[in-house]
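Chemist:
There are 2 protein chains.
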Amino acid sequence: MLTNSQTQNLPAESSTYLPPTDAKARVSEFMKQLQDKIVAGLEKLDGKGKFQEDSWERPEGGGGRSRVLSDGGVFEQGGVNFSEVWGSHLPPSILTQRPEAAGHGFYATGTSLVLHPRNPYVPTVHLNYRYFEAGPVWWFGGGADLTPYYPFAEDAKDFHKTFKQACDKHNPDYYPVFKRWCDEYFYLKHRQETRGVGGLFFDYQDCRQLPLYRGPNADGGAAEYSNQLGTPAPRTWEEIFAFIQDCGDAFLPAYLPIVERRHGMEYTERQRDFQLYRRGRYVEFNLVYDRGTIFGLQTNGRTESILMSLPPLVRWQYGYKPEPNTPEAELYDTFLKPQDWINWKGRHQ
Amino acid sequence: MLTNSQTQNLPAESSTYLPPTDAKARVSEFMKQLQDKIVAGLEKLDGKGKFQEDSWERPEGGGGRSRVLSDGGVFEQGGVNFSEVWGSHLPPSILTQRPEAAGHGFYATGTSLVLHPRNPYVPTVHLNYRYFEAGPVWWFGGGADLTPYYPFAEDAKDFHKTFKQACDKHNPDYYPVFKRWCDEYFYLKHRQETRGVGGLFFDYQDCRQLPLYRGPNADGGAAEYSNQLGTPAPRTWEEIFAFIQDCGDAFLPAYLPIVERRHGMEYTERQRDFQLYRRGRYVEFNLVYDRGTIFGLQTNGRTESILMSLPPLVRWQYGYKPEPNTPEAELYDTFLKPQDWINWKGRHQ
Numbered sequence: 001m002l003t004n005s006q007t008q009n010l011p012a013e014s015s016t017y018l019p020p021t022d023a024k025a026r027v028s029e030f031m032k033q034l035q036d037k038i039v040a041g042l043e044k045l046d047g048k049g050k051f052q053e054d055s056w057e058r059p060e061g062g063g064g065r066s067r068v069l070s071d072g073g074v075f076e077q078g079g080v081n082f083s084e085v086w087g088s089h090l091p092p093s094i095l096t097q098r099p100e101a102a103g104h105g106f107y108a109t110g111t112s113l114v115l116h117p118r119n120p121y122v123p124t125v126h127l128n129y130r131y132f133e134a135g136p137v138w139w140f141g142g143g144a145d146l147t148p149y150y151p152f153a154e155d156a157k158d159f160h161k162t163f164k165q166a167c168d169k170h171n172p173d174y175y176p177v178f179k180r181w182c183d184e185y186f187y188l189k190h191r192q193e194t195r196g197v198g199g200l201f202f203d204y205q206d207c208r209q210l211p212l213y214r215g216p217n218a219d220g221g222a223a224e225y226s227n228q229l230g231t232p233a234p235r236t237w238e239e240i241f242a243f244i245q246d247c248g249d250a251f252l253p254a255y256l257p258i259v260e261r262r263h264g265m266e267y268t269e270r271q272r273d274f275q276l277y278r279r280g281r282y283v284e285f286n287l288v289y290d291r292g293t294i295f296g297l298q299t300n301g302r303t304e305s306i307l308m309s310l311p312p313l314v315r316w317q318y319g320y321k322p323e324p325n326t327p328e329a330e331l332y333d334t335f336l337k338p339q340d341w342i343n344w345k346g347r348h349q
Numbered sequence: 350m351l352t353n354s355q356t357q358n359l360p361a362e363s364s365t366y367l368p369p370t371d372a373k374a375r376v377s378e379f380m381k382q383l384q385d386k387i388v389a390g391l392e393k394l395d396g397k398g399k400f401q402e403d404s405w406e407r408p409e410g411g412g413g414r415s416r417v418l419s420d421g422g423v424f425e426q427g428g429v430n431f432s433e434v435w436g437s438h439l440p441p442s443i444l445t446q447r448p449e450a451a452g453h454g455f456y457a458t459g460t461s462l463v464l465h466p467r468n469p470y471v472p473t474v475h476l477n478y479r480y481f482e483a484g485p486v487w488w489f490g491g492g493a494d495l496t497p498y499y500p501f502a503e504d505a506k507d508f509h510k511t512f513k514q515a516c517d518k519h520n521p522d523y524y525p526v527f528k529r530w531c532d533e534y535f536y537l538k539h540r541q542e543t544r545g546v547g548g549l550f551f552d553y554q555d556c557r558q559l560p561l562y563r564g565p566n567a568d569g570g571a572a573e574y575s576n577q578l579g580t581p582a583p584r585t586w587e588e589i590f591a592f593i594q595d596c597g598d599a600f601l602p603a604y605l606p607i608v609e610r611r612h613g614m615e616y617t618e619r620q621r622d623f624q625l626y627r628r629g630r631y632v633e634f635n636l637v638y639d640r641g642t643i644f645g646l647q648t649n650g651r652t653e654s655i656l657m658s659l660p661p662l663v664r665w666q667y668g669y670k671p672e673p674n675t676p677e678a679e680l681y682d683t684f685l686k687p688q689d690w691i692n693w694k695g696r697h698q
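Listed below in structure tokens is the structure:
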């Protein structure tokens with residue numbers, strides 16, 4: 001997805017490119033604390049459910065701690081996973097993006113979560129931040145995105161605003177680029193739908209020039225868009241890590257207020273059925289397209305932790321189409337297409 | 350999966366290799382009739398449900414008729430799909446297997462089905478037979494496999510016996526090779542489980558020498574096994590088509606008696622929960638591994654018809670393990686591993 005040729009002005013062997021010697025320890029400590037903070041915030045909100053922890057080791061190197069909440073007051077199921085793994089080589093799917101890593105061992109640490117609320121008016125949410133080192137290269141990746149079942153523009157707007165603030169502290173280009181990248185990454189081509197209202201997504205962030213997103217096709221619209229942005233000077237490792245920390249810390253302020261205003265709303269079988277049906281799209285995305293899932297399965301990861309993102313109960317229905325002029329139709333017409341949520345002035349307030 | 354170098358003794362331009370001029374029409378007519386016969390047999394068995402037909406056209410060429418039964422007496426959901434499509438080029442996943450087809454248009458026709466019974470004691474079943482022509486090459490592929498939720502060796506044995514009879518009429522090597530191919534194809538690597546008790550699976554069958562299955566790795570056990578088989582003389586197109594017809598016609602006799610003896614069995618929430626959980630594996634297989642699904646999505650197929658195979662209701666549960674000494678544990682220990690069902694003398698009769 002990225003064309004690197006124009007963005008790698010700083011050679012990998014330059015000392016200003018190198019991460020600090022304690023980079024792995026610092027990032028992994030942050031990722032663990034992020035898991036702790038988020039779990040504490042979610043348990044407080046949920047009121048009833050408690051996360052159960054499984055610590056696990058990976059035979060090829062490393063391990064993690066998976067924390068899962070089932071049958072809570074708000075969350076039907078939620079998983080927050082921390083992992084820190086290493087091995088002798090990265091899988092092919094990453095090497096095509098980072099050929100400099102070929103022939104080198106790798107280290108990866110990160111925290112990821114997916115929450116499936118019971119009430120259909122509460123959106124599902126996903127977050128993942130990660131850090132890689134592999135021979136001469138290293139990078140950060142991640143993001144967070146929101147998947148509502150019912151159309152509330154206020155929720156989409158607030159979620160985006162909170163992450164935009166985290167981005168704007170660091171670079172005015174981050175939000176527009178990473179918002180667009182998110183819309184294009186979380187896209188179900190076979191359904192011609194976005195997964196939800198998006199948020200942020202980025203990958204391969206290192207301290208060479210800002211790697212602008214070029215879109216899925218060389219001649220696609222996104223390339224044109226990216227070229228209009230100014231490219232900032234090379235960034236330091238510390239600057240990128242600070243940005244990642246702010247993004248991680250933005251999660252609870254972005255998501256909890258949405259849950260608080262929706263989880264008491266009454267619903268019937270109709271909304272529940274629609275939620276279970278739409279959860280099928282989450283499964284389709286994660287198993288067909290998601291690079292985190294594919295990386296995990298390709299590196300012989302812990303299957304239960306990788307597939308923790310799948311919903312507790314899901315429905316498929318042949319040929320479903322929403323009835324015109326219903327909230328379900330509004331979701332399809334407006335919320336499953338990329339929108340400028342920050343400046344949203346339309347319906348569904 | 351196939352090494353072709355040893356099996357292509359007959360050049361593609363040889364006249365004895367060419368299909369008859371009416372090959373496409375004859376196969377497509379057979380595939381349509383197969384759909385009709387199976388649908389009629391299933392409706393009679395179900396008693397309550399009726400298949401609803403959607404005819405559809407594919408913008409790039411061709412179309413099909415999808416028939417779906419929902420909420421029947423026996424089947425919670427079932428789909429039987431006929432399609433006949435053509436286009437300017439095959440997708441990359443097939444071209445790597447059949448490089449002679451590069452730069453040529455293609456034609457493909459086939460019938461496929463997946464049935465999800467409501468009663469957890471009735472196994473899920475899948476069938477697919479297909480025919481391709483692309484430039485100088487053509488081939489048949491297909492198979493049928495059974496996915497029980499509860500362990501009944503009698504069902505596995507009878508299913509295999511019926512298909513073995515269909516195979517043995519044509520070639521004594523077919524059943525052992527295609528049975529093994531099925532066990533290896535319908536394998537969930539990330540779970541280290543077979544999808545069920547298997548059946549038959551084969552691909553790229555043309556009238557050059559019998560393309561023996563070489564296993565997933567060049568140095569794997571399957572290669573050794575295949576080499577012990579005699580390789581028959583080149584087959585005619587007519588012989589292979591006759592074999593495909595017998596396989597298709599074996600479906601109802603293989604599956605209906607199993608449904609008849611299981612669908613009246615009483616069950617509780619426990620069996621139902623386990624069925625919904627195990628259906629998750631069906632979703633994982635179809636979205637992560639299945640080449641029919643990938644072909645369909647890559648060729649801009651009709652998504653609703655491709656994903657008709659997904660179950661109507663599915664459950665995922667983090668960290669599930671069956672309790673020892675239960676029927677659920679027996680399924681894992683015995684029925685989710687390749688077994689010689691024809692000669693089965695063990696428990697679970």
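Protein chains in written order, with the working numbering: chain A, 1 to 349; chain B, 350 to 698.
Think of the CB as a built atom: it goes at the ideal place given N, C-alpha and C, for glycine as much as any other residue.
Can you give me the Cβ contacts of Glu-677 of chain B inside the same chain, cut-off strictly under 7 Å, excluding the 5 residues immediately before and after it?
Modeler: Stepping through the second sequence from its first residue, residue 677 of chain B is reached at position 328. If we look at Glu-677 of chain B and ignore the five residues flanking it on each side, its Cβ neighbours are Phe-623 and Pro-671.
Chemist: Among B:Cys-556, B:Thr-496, B:Ala-389 and B:Thr-511, which residue has its Cα nearest to the Cα of Arg-416 of chain B?
Modeler: Taking the first residue of the second sequence as 1, we reach residue 416 of chain B at position 67. Closest by alpha carbon: B:Ala-389.
Chemist: If you follow the beta strand (DSSP E) that Phe-106 of chain A is in, where does it begin and where does it stop?
Modeler: As a first step, residue 106 of chain A must be located in the first sequence, where it is residue number 106. First-last of the beta strand (DSSP E) with Phe-106 of chain A: 106-117.
Chemist: Taking CB distances under 8 Å as the criterion, tell me whether Pro-283 of chain A reaches chain B.
Modeler: For this step, residue 283 of chain A is matched to residue 283 along the first sequence. First, the residue type needs correcting, since residue 283 of chain A is Val and not Pro in the sequence shown. By this cut-off, Val-283 of chain A is an interface position.
Chemist: Under 8 Å: do the region 441-454 of chain B and the region 483-496 of chain B share three or more Cβ pairs, one atom per stretch?
Modeler: The region 441-454 of chain B is in contact with the region 483-496 of chain B.
Chemist: Counting only the same chain and skipping the five closest in sequence on each side, list residues whose C-beta sits under 7 Å from that of Trp-665 of chain B.
Modeler: By one-based count along the second sequence, residue 665 of chain B stands at place 316. Same-chain partners within the cutoff: Gly-629.
Chemist: Output needed for Asn-81 of chain A: all residues of its chain with C-beta closer than 8 Å, excluding positions within five of it in sequence on either side, in chain order.
Modeler: Within the first sequence, the letter at position 81 stands for residue 81 of chain A. Correct list, in chain order: Gln-35, Gly-64, Arg-65, Ser-66, Arg-67, Thr-111, Ser-112, Leu-113, Ser-305 and Met-308.
Chemist: Quick one: list the residues of chain A neighbouring Met-614 of chain B, beta-carbon separation under 9 Å, in chain order.
Modeler: If you number the second sequence from 1, residue 614 of chain B lands on position 265. Per Cβ cutoff of 9 Å: no residues; Met-614 of chain B is ~24 Å from chain A at best.
Chemist: Could you work out which residues of chain B lie near Met-308 of chain A, taking near to mean beta carbons separated by less than 7 Å?
Modeler: Start at 1 with the first residue of the first sequence, and residue 308 of chain A comes out as number 308. Chain B residues near Met-308 of chain A: Tyr-667.
Chemist: Measuring straight from C-alpha to C-alpha, what distance separates Ile-691 of chain B and Lys-393 of chain B?
Modeler: In the second sequence, residue 691 of chain B corresponds to position 342, counting from 1. In the second sequence, residue 393 of chain B corresponds to position 44, counting from 1. Using only the alpha carbons, I get a separation of about 29 Å.
Chemist: Looking only at its chain, what residues have a beta carbon closer than 6 Å to the beta carbon of Glu-193 of chain A, apart from the 5 residues adjacent to it on each side?
Modeler: Residue 193 of chain A sits at position 193 when you count from the first residue of the first sequence. Counting only Cβ-Cβ distances below 6 Å, and skipping sequence neighbours, we find Leu-336.
Chemist: Alpha carbon to alpha carbon, how far is Asp-552 of chain B from Gln-688 of chain B? Give it in angstroms, no decimals.
Modeler: As a first step, residue 688 of chain B is located in the second sequence; it is residue number 339 there, counting from the start. As a first step, residue 552 of chain B is located in the second sequence; it is residue number 203 there, counting from the start. So the alpha carbons of these two residues sit roughly 22 Å apart.
Chemist: Determine the closest residue to Glu-533 of chain B out of B:Tyr-638, B:Pro-660 and B:Asp-420, with distance taken between C-alpha atoms.
Modeler: Residue numbering aside, residue 533 of chain B sits at position 184 when the second sequence is read from its first letter. Measuring from the Cα of Glu-533 of chain B, the nearest candidate turns out to be B:Tyr-638.
Chemist: With 16 other CB atoms within 10 Å as the buried threshold, where does Pro-472 of chain B fall?
Modeler: Within the second sequence, numbered from 1, the residue matching residue 472 of chain B stands at position 123. Buried: at least 16 other Cβ atoms inside 10 Å.
Chemist: Is DSSP giving Thr-445 of chain B helix, strand or coil here?
Modeler: By one-based count along the second sequence, residue 445 of chain B stands at place 96. Three-state result, Thr-445 of chain B: coil.
Chemist: Taking just the CA atoms, how far does Leu-444 of chain B sit from Ala-599 of chain B?
Modeler: Indexing the second sequence from 1 puts residue 599 of chain B at position 250. Indexing the second sequence from 1 puts residue 444 of chain B at position 95. Roughly 31 Å between the two C-alpha positions.
Chemist: I'd like the list of long-range same chain contacts for Glu-573 of chain B, defined as Cβ closer than 6 Å, with 5 residues on each side in sequence excluded.
Modeler: Within the second sequence, numbered from 1, the residue matching residue 573 of chain B stands at position 224. For Glu-573 of chain B, the pLDDT reaches just 34, beneath the cut-off of 50, and the residue's location in the model is therefore unreliable, leaving the point undetermined.
Chemist: Which residues, taken in chain order from the region 391-413 of chain B, show a beta carbon closer than 8 Å to some beta carbon of chain A?
Modeler: Taking 8 Å as the Cβ-Cβ cut-off against chain A, the residues of the region 391-413 of chain B that qualify are Asp-403.
Chemist: Can you check which of these residues, A:Phe-186, A:Lys-161, A:Tyr-187 and A:Leu-188, is closest to Tyr-175 of chain A by C-alpha distance?
Modeler: Along the first sequence, read from residue 1 onward, the residue named residue 175 of chain A stands at position 175. Taking only the C-alpha atoms, the option nearest Tyr-175 of chain A is A:Lys-161.
Chemist: Where does Trp-181 of chain A fall in DSSP's three states?
Modeler: Stepping through the first sequence from its first residue, residue 181 of chain A is reached at position 181. The answer is helix: DSSP assigns Trp-181 of chain A an H, G or I state.
Chemist: Is Lys-50 of chain A close to the ligand GDP? I mean its beta-carbon at under 7 Å from any heavy atom of the ligand.
Modeler: In terms of ligand content, the structure shown is empty, and the ligand GDP therefore cannot be addressed.
Chemist: Is it the case that the Cβ atoms of Val-632 of chain B and Leu-659 of chain B are separated by a distance below 8 Å?
Modeler: Residue mapping note: residue 632 of chain B aligns to position 283 of the second sequence, counting from 1. Residue mapping note: residue 659 of chain B aligns to position 310 of the second sequence, counting from 1. Yes, Cβ-Cβ distance for Val-632 of chain B and Leu-659 of chain B is below 8 Å.
Chemist: What is the rounded straight-line gap between the Cα of Arg-621 of chain B and the Cα of Asn-468 of chain B?
Modeler: One-based indexing of the second sequence puts residue 621 of chain B at position 272. One-based indexing of the second sequence puts residue 468 of chain B at position 119. Approximately 8 Å, taken between the alpha carbons.
Chemist: Taking the continuous alpha helix (DSSP H) assigned at Trp-586 of chain B, which residues delimit it?
Modeler: To locate residue 586 of chain B, count along the second sequence from 1; it is residue 237. Where Trp-586 of chain B is concerned, the enclosing alpha helix (DSSP H) stretches over 586-598.
Chemist: Could you tell me the alpha carbon to alpha carbon distance between Leu-69 of chain A and Gln-77 of chain A, rounded to whole angstroms?
Modeler: Walking along the first sequence from the start, residue 69 of chain A turns up at place 69. Walking along the first sequence from the start, residue 77 of chain A turns up at place 77. Cα to Cα, the separation comes out at about 6 Å.
Chemist: Could you check whether Gly-454 of chain B and Gly-422 of chain B sit closer than 8 Å to each other, using their CB atoms as the reference points?
Modeler: Counting from 1 along the second sequence, the entry for residue 422 of chain B is found at position 73. Counting from 1 along the second sequence, the entry for residue 454 of chain B is found at position 105. Contact: no.
Chemist: Using a Cβ-Cβ cutoff of less than 6 Å, which residues in the same chain neighbour Gly-570 of chain B once the five nearest sequence positions on both sides are dropped?
Modeler: As a position in the second sequence, residue 570 of chain B is number 221, starting the count at 1. The pLDDT assigned to Gly-570 of chain B is 36, lower than 50, so where the model puts this residue is not dependable, and the model offers no usable value.
Chemist: Would you say Asn-217 of chain A faces chain B, with C-beta separation under 8 Å as the test?
Modeler: Within the first sequence, the letter at position 217 stands for residue 217 of chain A. Here Asn-217 of chain A scores only 40 on pLDDT, less than 50, and its place in the model is too uncertain to base an answer on.
Chemist: Give me whichever residues DSSP pairs with Asn-81 of chain A in a beta bridge.
Modeler: Numbered from 1 along the first sequence, position 81 holds the residue referred to as residue 81 of chain A. In DSSP, Asn-81 of chain A forms a bridge with A:Ser-66 and A:Ser-112.
Chemist: Does the beta-carbon of Gln-52 of chain A have 16 or more other beta-carbons within 10 angstroms, so that it is buried, or is it exposed?
Modeler: By one-based count along the first sequence, residue 52 of chain A stands at place 52. Exposed: under 16 other Cβ atoms inside 10 Å.
Chemist: Let me know if Pro-151 of chain A comes out buried or exposed under the rule of 16 or more other beta-carbons within 10 Å of its beta-carbon.
Modeler: The count along the first sequence starts at 1 and reaches residue 151 of chain A at position 151. With 16 or more other Cβ atoms within 10 Å, it is buried.
Chemist: Apply the 10 Å Cβ neighbour rule to Arg-544 of chain B and answer buried if 16 or more other Cβ atoms are within range, or exposed otherwise.
Modeler: Looking up residue 544 of chain B in the second sequence gives position 195. So Arg-544 of chain B ends up on the buried side.
Chemist: Report the rounded CA-to-CA distance for Ala-493 of chain B versus Phe-285 of chain A, giving the unit in angstroms.
Modeler: Here residue 493 of chain B corresponds to residue number 144 of the second sequence, with the count starting at 1. Here residue 285 of chain A corresponds to residue number 285 of the first sequence, with the count starting at 1. Their Cα atoms are separated by approximately 27 Å.
Chemist: For the candidate residues A:Gly-248, A:Glu-133, A:Glu-330 and A:Leu-252, whose alpha-carbon lies nearest to that of Thr-109 of chain A?
Modeler: As a working mapping, residue 109 of chain A is identified with position 109 in the first sequence. Looking at the Cα atoms, A:Glu-133 is the closest of the given residues.
Chemist: Closer than 8 Å by beta-carbon distance: list the chain A residues that pair up with Thr-652 of chain B, in chain order.
Modeler: One-based indexing of the second sequence puts residue 652 of chain B at position 303. Per Cβ cutoff of 8 Å: His-190 and Arg-191.
Chemist: Among the residues of its own chain, which have a CB less than 7 Å from the CB of Cys-182 of chain A, if the five just before and after it don't count?
Modeler: Translated into positions along the first sequence, residue 182 of chain A becomes position 182. Only Gly-143, Asp-145, Gly-198, Gly-199, Leu-200 and Phe-201 meet the Cβ criterion.
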